[in-house]
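In my numbering, the protein residues as written are 2 to 324.
All residues carry an ideal CB built from backbone N, CA and C; glycine is no exception.
None of the values given here were measured: they were computed from a predicted structure.
Shown next as structure tokens:
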């Protein structure tokens, strides 16, 4: 599953500029900004609890992907085979032909060792693009209770398959990478669905486990590179927000197109203002330059965005009723 003939076949068979552009566009939709937009639209334009479940799935998958990448420390196809193009450009591999020579063989050991010796190595296994695409899609299906068969198949298999093909075509991932990403993504989405209070009934253990997970991952991010600090702090903020909503009550979901659009626009404004506000607070509040400080401001920023959006969501219906 670490062979490169799959990539060579894709790149030679579909050797066209328009196809490369399509693959690059699909891959672009697997980055953070696309999922940020998806989460904000789902949470504030549709159903808050379900949208936050999608956010939980994406954050858990991001943490899992980072931990697996750093632990496995395996190269990408463009790192081991000179014939594989890297995003449409000639690659600069560590060895000329170092892909797996059998279906179950790992990539060339020399190439792997050379990659691990790099100061900021970019590892391949598993595919974060495919994993997060799958986690978000399955979480959407479960949290929103989607019943249309064609849409269920699209979220579980169709869109992840397109993402997998794009990542392989661009020389960024082996077959093993995308398969692992899909399997882990499904599992993470199921976990997020189980943890989010109110989606499958109220269970006493859900909120303590969610809070414990947020605290544990945030603490671990301070001392191990296996846990990404940014994603862990956002997960902590999400857990704290859910705890607050469970205590104070969830706002009513929007009704009608106008209210949905207003809520989404409001949270987008909050999102755009959050970074300069947090930067201003960081400037006026003198704190040591340490990982715990970064963790604090990431958490505050996420709470500011989500909390501000929810505050406006509670206010907009009253304003709409008075107009």
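Nearest to residue 91 by C-alpha distance, out of 104, 173, 153, is 173. Per DSSP, reduced to three states, the secondary structure at residue 98 is strand.
Beta-bridge partners of residue 90 (DSSP): 87. Between the beta-carbon of residue 37 and that of residue 127 there is about 22 Å, and that puts the pair past the 8 Å contact cut.
Excluding residues up to 5 positions away in sequence, 45, 268, 271 lie with their Cβ nearer than 6 Å to the Cβ of residue 310 in the same chain. Here residue 49 is buried, its C-beta having at least 16 other C-beta atoms within 10 Å. Assigned with DSSP and collapsed to three states, residue 82 falls in strand. Residue 74 is positioned such that its CB atom lies no closer than 8 Å to that of residue 96.
A direct Cα-to-Cα measurement between residue 105 and residue 251 gives close to 50 Å.
Rounded to the nearest angstrom, the gap between the Cα atoms of residue 226 and residue 242 is 26 Å. The three-state secondary structure of residue 289, taken from DSSP, is coil. Along the region 254-312, the alpha helix (DSSP H) occurs as fully enclosed runs of 4 or more residues at 258-285, listed in sequence order. Counting along the chain, residue 178 sits inside the alpha helix (DSSP H) bounded by residues 176-196. Under the three-state reduction of DSSP output, residue 228 falls in the coil class, being neither helix nor strand.
The three-state secondary structure of residue 32, taken from DSSP, is coil. DSSP places residue 4 outside both helix and strand once states are collapsed to three, so it counts as coil. With a threshold of 16 other beta carbon atoms within 10 Å, residue 258 falls short and is exposed. Under the three-state reduction of DSSP, residue 13 is assigned to helix.
In the structure shown, residue 103 adopts coil according to DSSP, grouped into three states.
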